[in-house]
Amino acid sequence: MAHSGRRIFISAIAALLAIPASAAEIQHRTEYRVALAGLPIARAAFLTQIEDDHSYKIAGDINSAGLADLVTTISAKTSVTGVVRNDRLQAQKYSLYYKSGKRKARFYEVSYRNGNIISATTTPMPKRPKNWIDVTPRDMRSVLDPISGLVFTGDTKVCSQTLPIFDGETRMDLVLSPKGDEDFSTNGFKGKATVCSVRFVPRSGYKKGRKDIDYLSKSNRMEIWFAKSDAANVYAPVYVRIPTEYGMVTITAVKYGSNS
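Read in order, the letters of the sequence shown are residues -23 to -1, 1 to 237 in mature numbering (1 follows the signal peptide of the UniProt record, and there is no 0).
Encoded structure:
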């Protein structure tokens, strides 16, 4: 998978892993296992902090593990800060540090104001191919960050919406539709998970004709399972299926709702 392809999947993992704490909890740690065709390829951990003034910060580490380490070492650090407003987490600043093997590390930083992107930088700036689809000013309006954009209050119809996501480079829509309920259990949770079918729609910020993006956009097998945290009164992802040309990537919460 190309450098940019790996970065998109790191962003996807980050987008699907953030679980917030209630204000009373202050800190909330979650852990995840990422597998390709059943074989472990990465692990992730996220820490959420919500302050009394309704500001929040979510910080995460993602590292390759198992099979992936035999091919190349991948590491990423990501964070988002913002405020809780109108029962939603509204980002103010998002960042992603990404390193793959011996390639130069890249740093993505995005600033938001009232849901609109006011700046987006990539360091170092990569060379763009001729068939690159540029992100337009219109694409920058009413956009969610790829971490807290997948956290919903307890009364939200989770699987009946389109999520406009920008990860620092690529602008995409995740179109959710209901697919029923499934039993799910892990450390800290046992109960029913709400299953959403997900359609991936690339908008801009990518190379036209890229095989991995075309493959994902044509697939109808992507799913996100959301579990409700009664303590925080939110829905957040606990299980994800992402189809790729190399097999199914699964992201599974191994700890949910535990501060230890």
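Every residue gets a Cβ at the ideal spot worked out from N, C-alpha and C, and that includes glycine.
On a predicted model such as this, the values are computed, not experimentally measured, just so you know.
- Residue pairing by DSSP places R65 opposite R62 in a beta bridge.
- Considering only N164, S154, T130, M117, the residue with the shortest C-alpha distance to I142 is M117.
- Taking 8 Å as the upper bound for CB-CB distance, Y89 and L66 are not in contact here, some 11 Å apart.
- Apart from the 5 residues on each side of it in sequence, E8 sits with its Cβ closer than 6 Å to the Cβ of A22, V231, K232 in its chain, given in chain order.
- Take the alpha-carbon of T227 and the one of R218: they are about 5 Å apart.
- For the options V175, S206, T147, the alpha carbon positioned closest to that of K195 is the one of V175.
- Of all alpha-carbon atoms in N63, A53, S206, A68, the one lying nearest the alpha-carbon of Y75 is that of A53.
- Within the same chain, P17, R20, T229, V231 come within 7 Å of R10 by CB-CB distance, once the 5 residues on both sides are set aside.
- DSSP places S181 in no alpha helix (DSSP H) but in the uninterrupted beta strand (DSSP E) bounded by 166 to 181.
- Residue state for I124 is assigned as coil, using DSSP reduced to three classes.
- Per DSSP, Y89 is one residue of the beta strand (DSSP E) stretching across 83 to 90.
- Taken through DSSP and simplified to helix, strand or coil, D111 comes out as coil.
- When C-alpha distances from A204 are compared across N93, C136, N197, the shortest belongs to C136.
- With fewer than 16 other Cβ atoms from the protein chains shown falling within 10 Å of its own Cβ, I95 counts as exposed.
- Straight-line spacing of the CA atoms in G92 and L121 works out to 7 Å.
- Under DSSP, G224 forms a beta bridge with T221.
- Per DSSP, reduced to three states, the secondary structure at D29 is coil, with no helix or strand assignment.
- Inclusion of F166 and V215 in the CB contact set at 8 Å is warranted, their separation being smaller than that value.
- Where D150 is concerned, the enclosing beta strand (DSSP E) starts and stops at 148 to 163.
- The C-alpha of T100 is placed about 14 Å away from the C-alpha of Y71.
- For S194, the uninterrupted alpha helix (DSSP H) run begins and ends at 188 to 195, by DSSP.
- A Cβ-Cβ distance of about 5 Å is found for the pair A213 and V128, placing them in contact under the 8 Å criterion.
- Sorting F84, W109, S206, A36 by C-alpha distance to the C-alpha of G168 places S206 at the top.
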